[in-house]
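Before any comments, here is the structure.
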Amino acid sequence: MLPYLQSVDIILYNSFARTHLGHGTVRALIAGLLGLAPDDTRVKDSLDLAIRAGLTFKIHEGRDGAKPHPNTVSLAMHTTTGRNLEVCGESLGGGRISISEINGVVVKITGDYPTLFVAHTDTPGVLSALTAILAKEHLNIATMRTFRKQPGGEAYTIFETDEPASQEVVAACEEVLHVQFASLVNIPGAMPLKLRVNLKYDFASADRLMELCRNKQMSIAGMMRLREQKLRSSKKIPDQLMKNIIDTMRAETHEALEQPEHSLGGFLYGEAKRVAETPTPFISATQRRSMAYAWQRLNALPRWA
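In the working numbering, the protein residues as written are 1016 to 1320.
Structure follows, in structure tokens:
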């Protein structure tokens, strides 16, 4: 869980406000606050885990149209240190999000580049001190944007760099006069722009994929493995990562039929298994099995967010 986090008010807007009960949106948000990964099977139990961790939360449904994006959520976080933070984010689809507001100040953080976030007072000398720290560490700045409500007030500067900053850089930034805090920002689902631009084995069509296969004399599977290897910044072997994916997909296909669990929204429980096991003269066994697999997708454990 985030350090010193004591309570959070969650406000859901637009379509989020209308669909969160059935989609398990709040469970996913609380899981994120607890530090759970999207593929952690404990996501479905996040509300209970939060209570055990001493994190209190309240859910509110915001007024339609109050935020421009259809899938918007605001998190008002309260800490034991008295420092409060309000963050507004948008779900862009495909597992990607964008941070659009911090403490009422309009910002834009997407994670396209490694990102350093600095909260400070809007006063002369702060930006020059911060850029000097990055220059000393040989970090090239791709973009730098400062957001504020008024001159001399609260301000946030977002640095996007070609390479990730270290924790030592973060600590040095926090030592600068008039800086309240600094943090590295990791947006789940974001792929660094540098990778997208320079990815040698990327493709946007079947023709391009086949061309890559011919040039490298590889099968489609071999090319996909090579692409995954180039994409991954971790040292994990692509085969291990892909095995985890296929094991999860297989489990998703069968677990809800063999061992039913309540769905995220709590409305479904065992329907897929009953469809699979109940003969009917109106449909064939193959059709019944197909229907059961369709139902089980709604009744499956939320392994992937």
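C-beta atoms are modelled at their ideal positions from N, C-alpha and C, and glycine is treated no differently.
Note that the coordinates shown come from a computational prediction; the quantities given were computed from them, not determined experimentally.
Per-residue DSSP class, three states only, for residue i
i: Lys1082; result: coil
i: Met1233; result: coil
i: Ile1261; result: helix
i: Thr1146; result: helix
i: Ser1181; result: coil
i: Ser1198; result: strand
i: Leu1131; result: strand
i: Thr1301; result: helix
i: Thr1136; result: strand
i: Glu1190; result: coil
i: Glu1226; result: helix
i: Arg1318; result: Note that Arg1318 has pLDDT 38, beneath the 50 cutoff, so the model's placement of it is unreliable and the number below is only indicative. In the structure shown, Arg1318 sits in coil (DSSP, three-state: anything other than H, G, I, E or B).
i: Thr1034; result: helix
i: Glu1273; result: helix
Cβ distance (whole Å) where residue i is taken to contact residue j below 8 Å
i: Phe1105; j: Asn1118; result: Reading the sequence as shown, one finds Glu at residue 1105 and not Phe. Between Asn1118 and Glu1105 the Cβ distance is about 17 Å, and since that is not below 8 Å, they are no contact.
i: Lys1375; j: Met1239; result: This structure leaves residue 1375 out entirely; the chain is present only between 1016 and 1320.
i: Cys1188; j: Ile1148; result: 6 Å
i: Gln1195; j: Ala1134; result: 4 Å
i: Leu1131; j: Phe1174; result: 4 Å
Pair within 8 Å by beta-carbon distance, residue i and residue j
i: Val1122; j: Tyr1171; result: yes
i: Arg1163; j: Val1120; result: yes
i: Leu1020; j: Leu1048; result: yes
i: Ile1025; j: Leu1090; result: yes
i: Ala1046; j: Asp1054; result: no
i: Thr1125; j: Ile1202; result: yes
i: Leu1062; j: Ser1022; result: no
i: Ala1150; j: Thr1176; result: no
i: Leu1272; j: Ala1291; result: yes
Residue(s) in a DSSP beta bridge with residue i
i: Gly1104; result: Val1088 and Ile1114
i: Asp1024; result: Lys1073 and Ala1091
i: Met1159; result: Phe1174
i: Ile1124; result: Ile1114
i: Glu1169; result: Thr1136
Residue i CB to nearest heavy atom of the ligand FAD below 7 Å
i: Ile1173; result: Here there are no bound small molecules, and the ligand FAD is not part of this structure.
Review point. What are the uninterrupted segments assigned as alpha helix (DSSP H) that are 4 or more residues long and contained completely in the region 1036-1076, given in chain order?
Key: Qualifying alpha helix (DSSP H) stretches, in chain order: 1040-1048 and 1061-1067.
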